[in-house]
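Sequences listed follow chains A and B, in order.
As numbered in the working numbering, residues 6 to 284 make up the first sequence, in order.
As numbered in the working numbering, residues 51 to 179 make up the second sequence, in order.
Cβ atoms here follow ideal geometry from the backbone N, Cα and C, with glycine treated the same way.
Note sheet for the following structure.
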Amino acid sequence: MSETTEKIESNCDARRRILNIAVSTVLLETGFESADKMSLETLTEMIQSFFTEVGNSARGYCELSGRVEPVLGDVMMALINMGISLQGLEQYAARPNRHVIQPPQQAPVPRTPAMLSAGSKAKPSPHIPFHLPPLPDPHAYIRTPTHKQPVTEYEAIREKAATQKRDIEKALTKFLSKTSETHNLFNTEDNQVYPLIACKPTFPAYLPCLLPTDQVFDFDELEYHFQVANRTEDMPADKKDQSDNEGENGGDNENANNSQSENPDTTGISSPDRNKSGG
Amino acid sequence: MQMSRMNSPSVGMEEDNGVGHALSDFLLQLDNYTPSIPDSVVAYYLNMSGFESQDPRLIRLIALASQKFLSDIANDALQHCKMRTSSQLVQSSKNQKGPKEKKYIMTMEDLVPALQEYGIIAKKPHYFV
C-alpha cells in the first residue's frame with residue numbers, strides 16, 4: 006500500500022515539477038527575472054486547480070447534455086463559467102517569444118527480478134481469458150510426494166539393520182580411539198595407524214565377581230573405586246603404557262588404603278618399593 | 051471582465067457563439083501553436099477530474115487558456131512591481147546606474163493584489179507547520 010502511494014506521489018511530483026517549469030517559463034516571457042518560491046508554488050497550485058476545475062465543469066456540461074465525450078462547446082461553457090475570457094486567445098497563441106517544454110520522458114518500469122521461481126510457469130488453458138495474470142509457479146499447486154514408500158521386505162530390512170549396527174560400532178570405536186586413551190600394539194611412542202582403545206582392568210580382577218553389586222548403596226564408594234582405577238598421579242611416565250604395572254599400583258595402593266592403620270606417609274614410601282618390585 | 055458577462059447573459063451568449071465559431075476554426079489551426087505545457091501533463095490533470103478526450107486539440111485549447119490566464123496574472127503582477135519600483139526610483143534621488151532594477155522579482159507582495167483582482171484570495175502562512 007505504501008509503495009503504491011509512493012508511486013502515485015512521485016507521479017504527481019513529476020507532473021507538478023513540469024507545471025513549475027511551465028509557470029516559470031510564462032513568468033520569464035512576461036519579463037520577470039526571478040520569482041519567489043512561495044509565489045511560484047501559489048501559481049502552480051492555481052494552475053493545477055484551474056485544470057481540475059475546467060475538467061470538472063466540462064465533464065458536467067457534457068454529461069448534462071447526455072453525452073460521454075466532451076466537445077468544444079462543453080469546454081467553452083466551462084471556461085466561460087469560470088470567467089476566463091476567450092477573446093485574445095488567438096493573439097496570445099501567436100505571440101513571438103514562445104517556449105515549449107519537453108514532455109516528460111516515460112521512466113522505464115523497474116522490473117521486479119524474478120525471485121524464487123522454480124520451474125517454468127505452465128501455459129494458461131484456452132478457457133482462461135488472456136488479460137488475467139499468468140499462472141503461478143507449478144510447485145505452488147502441483148503436489149508430488151516428498152519421499153519414497155518405505156521398503157517392507159524382510160530381507161532388505163534385516164540387511165539394513167545389520168549394516169546400521171556395523172556402521173554404528175565402527176563409528177563409535179573410531180570416536181573413542183581418537184578421543185580417549187589408546188593402547189599401542191607396537192613399541193613406538195606415537196601410533197596413529199592402529200590405535201586400540203585402552204582397557205583399564207581393575208585389580209584384583211576377580212573382586213567384582215566375588216562381590217557383585219546389583220545395587221549401589223554408597224555413591225562415594227563407587228566414585229572412589231572409579232577414581233582409584235583411573236589414577237595416574239604417582240605413576241612414572243614410561244610405565245603408563247604397561248597395563249600390568251598400572252593395575253598393580255592401583256591395586257596395591259588400594260589395599261594399603263583399605264587397611265585402616267596405614268597412614269598416607271607409609272603409602273607414599275611403600276609405593277616406590279612396590280614399583281621396584283614390579284619393575 | 052466576468053462581471054460584464056453576468057450582467058448581460060443573452061448578449062454574452064451571442065458573443066460566445068461568435069467566439070465559438072472562431073474557436074472552432076482556431077481549433078483546426080491549433081496544431082501550429084503548441085502551448086508551453088506538455089499535453090500529457092494537462093491530460094493527466096484533466097483525467098483526474100474525469101475529463102477524458104481523444105481529441106488532442108481540445109486539450110491544447112485548455113492548456114492555452116490556462117497559459118493565457120497565467121500570463122494575464124503575471125502581467126498584472128509586473129505592473130504592480132513596476133509601480134512599486136518606479137515609486138522607489140522617484141523617491142531615491144541618487145541614481146548612478148541609469149534605470150535601476152531592470153530585474154523584476156515576483157514576490158507575494160505583487161502577486162496577492164494581482165490575484166485579488168481575479169477573485170482569487172491567496173493567504174499563505176509564512177511558515178509551514
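Stretch-stretch touch, CB-based, cutoff 8 Å, three pairs: the stretch 37-47 of chain A with the stretch 156-168 of chain B: The stretch 37-47 of chain A makes contact with the stretch 156-168 of chain B, as at least three CB pairs between them are under 8 Å.
Cross-chain neighbours of A63 of chain A in chain B, by beta carbon under 7 Å: At a beta-carbon threshold of 7 Å, the residues of chain B lying near A63 of chain A are F101, ordered along the chain.
Nearest-angstrom beta carbon gap, T35 of chain A and M98 of chain B [assumed within contact, 8 Å]: That pair is no contact at about 28 Å.
Distance, P200 of chain A Cα to A166 of chain A Cα: C-alpha of A166 of chain A to C-alpha of P200 of chain A: approximately 27 Å in a straight line.
Neighbourhood of K174 of chain B by C-beta, 8 Å cutoff - its chain only, sequence neighbours within 5 removed: Answer for K174 of chain B: M158, listed in chain order.
Chain-ordered neighbours of T135 of chain B on chain A, where CB pairs are closer than 8 Å: In chain order: nothing, as chain A lies at least about 12 Å away.
Own chain partners of T84 of chain B with C-beta closer than 8 Å, once the 5 adjacent residues on each side are dropped: Excluding sequence positions up to five before and after T84 of chain B, its CB lies within less than 8 Å of the CB of R110, all in the same chain and listed in chain order.
Residue burial classification, H132 of chain A (beta-carbon count within 10 angstroms, cutoff 16): H132 of chain A is exposed by the Cβ-count criterion.
Exposed unless 16 or more other CB atoms sit within 10 angstroms - verdict on V80 of chain A: Buried, by the Cβ-count rule.
Beta carbon of I123 of chain B nearer than 9 Å to that of Y168 of chain B: Cβ atoms of I123 of chain B and Y168 of chain B: closer than 9 Å.
Reference S90 of chain A; option with closest CA among B:Y95, B:I171, B:F119, B:I155: Just measuring C-alpha positions, the residue of B:Y95, B:I171, B:F119, B:I155 sitting nearest S90 of chain A is B:F119.
C-beta neighbour in chain A for K147 of chain B, strict 9 Å: Note that K147 of chain B has pLDDT 48, beneath the 50 cutoff, so the model's placement of it is unreliable and the number below is only indicative. Closer than 9 Å: no.
Presumed contact (8 Å Cβ cut-off) between A83 of chain A and A63 of chain A, rounded CB distance: The pair is a contact, with the Cβ atoms about 4 Å apart (cut-off 8 Å).
V114 of chain A at chain B interface by Cβ criterion, 9 Å: Residue contact with chain B for V114 of chain A: absent (no Cβ-Cβ distance below 9 Å to any residue of chain B).
Integer-rounded CB distance, given that I52 of chain A should sit under 8 Å from S116 of chain B: A Cβ-Cβ separation of about 6 Å places S116 of chain B in contact with I52 of chain A under the 8 Å criterion.
L298 of chain A and M156 of chain B closer than 9 Å at C-beta: Not covered by the structure: residue 298 of chain A. The range shown for chain A is 6 to 284.
Test: S44 of chain A CB closer than 9 Å to a CB of chain B: Judged by the 9 Å Cβ criterion, S44 of chain A is in contact with chain B.
Where D249 of chain A falls, given that 16 or more other Cβ within 10 Å makes a residue buried: With a pLDDT of 46 at D249 of chain A, under the threshold of 50, the modelled position of that residue is not reliable, and no figure is offered here.
P213 of chain A - containing alpha helix (DSSP H), residue span: Annotation: the continuous alpha helix (DSSP H) that includes P213 of chain A extends over 212-215.
Simplified DSSP state of N188 of chain A, which is helix, strand or coil: A quick correction: the sequence has His, not Asn, at residue 188 of chain A. It is a strand residue.
Option in A:H152, A:A127, A:K153 with minimal Cα separation from H144 of chain A: Distances from the CA of H144 of chain A to each of A:H152, A:A127, A:K153 were compared; the closest alpha carbon is that of A:A127.
Nearest neighbour of G100 of chain B, chosen from A:L190, A:E46, A:E74 [CA to CA]: Of A:L190, A:E46, A:E74, the smallest CA-CA separation from G100 of chain B is found for A:E74.
Within-9 Å CB hit, S70 of chain A to chain B: No, no contact with chain B.
Closer than 7 Å at the beta carbon, the chain A residues around Q117 of chain B: From the beta-carbon of Q117 of chain B, the residues of chain A found nearer than 7 Å are V31.
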